[in-house]
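Here the structure is laid out as structure tokens; the discussion comes afterwards.
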Amino acid sequence: MTMSREYNHSVKYMKDLMIKAERILAYMQMCRKYETQDEKVLPMIDNHPMQLPTTDNNILPFQTTMKDFQYLINFWRRLNFAQIITKELRTEKCQLLIQANYLRKLMKRYFIDETSPM
139 MTMSREYNHS VKYMKDLMIK AERILAYMQM CRKYETQDEK VLPMIDNHPM
189 QLPTTDNNIL PFQTTMKDFQ YLINFWRRLN FAQIITKELR TEKCQLLIQA
239 NYLRKLMKRY FIDETSPM
């Protein structure tokens, strides 16, 4: 009785994961129109390190499984690419804030020097 409950629970959990994955892929497709040209080039990469050479007579089960997960592989590539860009933008923002504060100080000094009588 316990094994059948565990099995049913596992099946339900896997179905929920599939629904989530399909939603994520649908959102990715909706967001595609907002991407720049550089971002659109990224998912077209087919040379994944886990791909094996094929012959016409010998198709490995692993390769058929990899074809099923190609969307997921592209998703993780794009997610990592987005995280890298986010980190770069945060660093640039921090540098620009430091520069803006420095320029504000210079402007304050300039206006104080301008308004002070000589």
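In this note's numbering, each residue's number is its place in the sequence shown (first place is 1) plus 138. We treat Cβ as the ideally placed atom computed from N, Cα and C, and that holds for glycine.
In this chain, the alpha helix (DSSP H) harbouring ARG215 covers 208–253. Each of TYR240, ASP154, ARG247, MET166 was checked against the Cα of PHE213, and the nearest Cα belongs to MET166.
Each residue's CA atom was taken as its position, placing TYR151 and ARG161 some 15 Å apart. In the DSSP assignment, ARG161 falls within the unbroken alpha helix (DSSP H) covering 140–169. Remark: C-beta atoms of TYR209 and LEU163 approach each other more closely than 8 Å.
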